[in-house]
Every structure is written in structure tokens, then in C-alpha cells.
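A.B. asks:
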Amino acid sequence: MTDSMRNIDPDTGSENTDRTQNRDAKIVRTSIIGIIANVFLAAFKALVGLAANSIAIVMDAVNNLSDAASSIITIIGTKLAGKEPDKKHPFGYGRVEYLSAMTISMLVLYAGITAFSESVKKIIEPDVPEYSDATLIIVAAAVVIKVVLGKYVKSVGKKVNSDSLVNSGEDALLDSVISASTLVAAGIYIFFGISLEAWLGAVIAIVIIKSGFQMLKETLSQILGERADAELARNIKAAVISSHPEISGAYDLVLHNYGPDSYNGSIHIEVPDTLTADDLDKLLRKISVNIYQKYNVILTAIGVYSINTKDPEAIEAREKVGKIVLSHEHVLQMHGFYFDKREKDIRFDTIISFDAPDRHKLFKEVCEAVKKEYPDFTIQAVMDTDFSE
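Here you go:
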């Protein structure tokens, strides 16, 4: 499905390929800007810090170098993630971007730990800083540059859904606060003769370490697998339902993430029991192409629930069972209902919230309540998981 979906419609395939290439180009271009800015800032700060004997400014310079390294990692990750699928990795290499984001997080952590270690040494054996006008002007300019760079990188990261860029942008904004704090420390020393350099360096290091842990936590959560974006899920279900007038519902949407904005998934639809196999084949193909074209999501499977339309007793049973099932707290939905009078079967799926104290116990109670109303029927119920909303 993956390879054929990318090739069955030239316009669709071209559109999604261009979208991916534009996204990668923006990430690389933004990262290069970050590298150039951070290398220059690191060089100036290192010279100023050494000249002024300021551990805080030197640590700030080291942090700028780590930012430049982060941008390099982002570029490498983006290039690797853009590799075509192959036999070993048929779903592509998109998840490499998560690994690059994790690497950046660990780099930030390392920079913070190193800065804290150096600051503690200076607390034990303090040095006297020597500030000049040039020193303060350069640090002040660095604050402005970091604010502009951080906002720019973060905004681009959000637009193209790149966690690596967002992390780099957040780190740059944090750096601007750090640089501003060194100016405050310089002012306190100049006017009051109190040196807070080493202590400020330690505080800066702790802030960096905390930021690194937060970045790492968020990236690991994505690697483990998070719930799909609720808005995306709603849009896909709405698009499926609107693709054919006889589809009465779309359920059980499961999306597997293989990189930012890259999903494979499956969904169930409810259709009348009057449709032929030929009707279904045309319908399912239309849905698959439509969803891929609109959302770059490949539906590798579309399940079908058949709805009773010929038997009034079955229609009545659907309403009655629906009321029984949904009368239980924490039951979110019932779907896939089918009433087989000849085989004495009642089939349905029910979604039970994760907020339920005991989901399995509640599901058993639901089945027993339906069985009580229809003692002569076999109840074939399935407890579904709320994957997307």
C-alpha cells in the first residue's frame, strides 16, 4: 500500500514529495543560520569572558557552541530522515528526527552538567572579574541576537513540525536569559563590588540541566508512541464520512507515527448491508487516495462494519442496545452494531474511557446488561481503545 499509494496518482505523489522537500529545505536553512550565529557568538563571548576573567560569560560561550552542535545534528537528522524506504526499513527513516532531538537534549544536559562543575570550582576558588565597556556591549548585543534567533528558529520549527528546531529555538531563548543575567551580575559587581559570577554560573547550569531533562522527557514520550493529534483524527474521520453519502460513521482510527507528519493507519467504517463487493472496492480506494492526498496519511487497512437496513426489528434492537451500553458511566461510544436474527448473534464494539476505575470490569457489566435484555442471543462484543480522541 505504501509504495503504490505514492505512485497511483501523479498529482498526489508530486504534491506530497514537494511538501516534504520544502520542509527539509526550511529545516536545513534555519539550522545553518543557527550554526553561523552561534559560532560567532561563542567566539566573541569566549574572548570577552577570558579577558574579563568571567566564568559566567565563558560558560555562556560553551553553551553557544552546544547550540551550534545541535543545529549540525538537526541537519544530519533531517538528511537521514529523508532517505527513501528500503527492504530493511520499509516505513522509511522519519523517526531519525526523534533520535536527533533526543541527541540535542542529551547535549544540552551535558553542557549544563559541565557548566555546573566549573561554576562550583570557581565558588571554592573565586576569581575577580574585570569588566570593560566593550565586554558589556558585546554581551548586550548577544542577548538581542539570541532573542531574535530563538523566536525565529522556534517559529519555523512549529510551522514544519520539527522537534529538533523547536528544542533549538527554546534553548536559544534560554540563552538570552542567561546572557542577560551575566549583565546583571556585571552591574552588581561594578556598582557594589560584589562578585556573583560563580554563583550565577551555577544557577545558569541548573536551568540548562532542567531544560535538557524536559526536552529529553518530551522526545522519549514521542519515541514510545503518543496519542495522535485530536484535530488530525477528527479531520480524517470527517473526510472519510464525507467521501460517500452512505458511510454513516468512521471509527477505530489508529495512526502509527513514522516521523513528523508521516503516518500509517487503519480505520473502520459503517456502511449499509446492501453494498456489493464492487461498491466497497471502489469506495475503499477512493477513501485511501483522498486521505493520503489531504493529510499525507497512508491507510493501510479499512475495516467494514455492516449496518442492518432491511429488518425493522434489527433497527429497533440497535437503538435499545445503544441506550443500554451508553447508560454506563465512562462508556464513550458504541459502534459496529449488527443484529443477526437467524444466527441469534448481536455484535458491537464499545469504547471505554481510560478514566474508568476498572475498564475490564465495566466492559463485563455492559455485556451482562445486554445479555439480560436479549437472553437468547450470543453477545459478541469488543472493548475498543480510544486511540485518537
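To convert a position in the sequence shown, counted from 1, into the working numbering, add 1. Don't be surprised by glycine CBs; every beta carbon is placed ideally from N, CA and C. Everything numeric in this text was worked out from a predicted model, so none of it was measured.
(1) Have a look at K80 and A141 and give me their C-alpha separation to the nearest angstrom.
(2) Across the region 92–107 and the region 119–133, are there enough close Cβ pairs to call them in contact, namely three or more that are closer than 8 Å?
(3) Can you name the start and end residues of the alpha helix (DSSP H) that Y264 belongs to?
(4) Leaving aside the five residues before and after I179 along the sequence, list all residues of the same chain whose C-beta is less than 6 Å from its C-beta, in chain order.
(5) Going by DSSP, what residue range makes up the beta strand (DSSP E) through A206?
(6) Which ranges would you report for the beta strand (DSSP E) in the region 87–155 if only whole runs of at least 3 residues count?
(7) Does V185 pass the burial test, meaning 16 or more other C-beta atoms within 10 Å, or should it be called exposed?
(8) Can you name the start and end residues of the alpha helix (DSSP H) that A186 belongs to?
(9) Secondary structure at G83, three-state DSSP: helix, strand or coil?
(10) Pull up the DSSP beta-bridge partners for I353, would you.
(11) Which class does F41 belong to by DSSP, given the choice of helix, strand or coil?
(12) Quick check: what's the CA-CA separation for E227 versus T21?
(13) Looking only at its chain, what residues have a beta carbon closer than 6 Å to the beta carbon of L175, apart from the 5 residues adjacent to it on each side?
(14) With distances taken Cα to Cα, identify the nearest neighbour of T31 among P86, T183, A43 and Y153.
(15) Mind checking D87: buried by the 16 CB within 10 Å criterion, or exposed?
(16) Could you tell me the boundaries of the beta strand (DSSP E) in which A251 lies?
(17) Can you tell me the Cα-Cα spacing of I325 and M335, whole angstroms?
(18) DSSP beta-bridge partners for F340?
(19) Work out the CA separation of E330 and R360 for me, nearest whole Å.
(20) Would a C-beta distance cut-off of 8 Å place I352 and Y306 closer than the cut-off?
(21) G50 and I37 look like a contact to me (Cβ under 8 Å); what is the Cβ gap, rounded to whole Å?
(22) Pop quiz: Y259 and R24 are said to be a contact at Cβ under 8 Å. What is the actual Cβ separation, rounded to whole angstroms?
(23) Is H147 buried or exposed, if buried means 16 or more other CB atoms sit within 10 Å of its CB?
(24) Which same chain residues end up closer than 6 Å to Q223 when comparing Cβ atoms and leaving out the 5 residues on each side of it in sequence?
(25) Using CA atoms only, rank isn't needed, just tell me which of F45, L66, E247 and N291 is closest to V272.
(26) Is L254 closer than 8 Å to A234 when the C-beta atoms are compared?
(27) In its own chain, which residues sit with a C-beta less than 7 Å from the C-beta of A357, not counting the 5 before and 5 after it?
(28) Tell me, to the nearest whole angstrom, how far the beta carbon of L48 is from that of A143; I am working on the premise that it is less than 8 Å.
(29) As a quick exercise: from D341, T301, I105 and A52, pick the residue whose alpha carbon is nearest that of D377.
(30) Quick check: what's the CA-CA separation for S67 versus K218?
C.D. replies: Walking through what the data contain:
(1) 35 Å
(2) no
(3) Looking at the DSSP string, Y264 is not in any alpha helix (DSSP H); the run it does join, the beta strand (DSSP E), is Y264 to P273.
(4) D61 and I205
(5) Not the beta strand (DSSP E): A206 falls in the alpha helix (DSSP H), residues E198 to L225.
(6) none
(7) exposed
(8) D164 to F193
(9) coil
(10) V332
(11) helix
(12) 22 Å
(13) S212
(14) Y153
(15) exposed
(16) G250 to N258
(17) 10 Å
(18) I347
(19) 11 Å
(20) no
(21) Not a contact, Cβ separation roughly 20 Å.
(22) Wrong, their Cβ atoms sit about 15 Å apart, outside the cutoff.
(23) In the sequence on display, residue 147 carries Lys and not His. Buried, by the Cβ-count rule.
(24) Y99
(25) E247
(26) yes
(27) H331 and L363
(28) In fact, because the Cβ distance is near 12 Å, the residues do not count as touching under 8 Å.
(29) D341
(30) 19 Å
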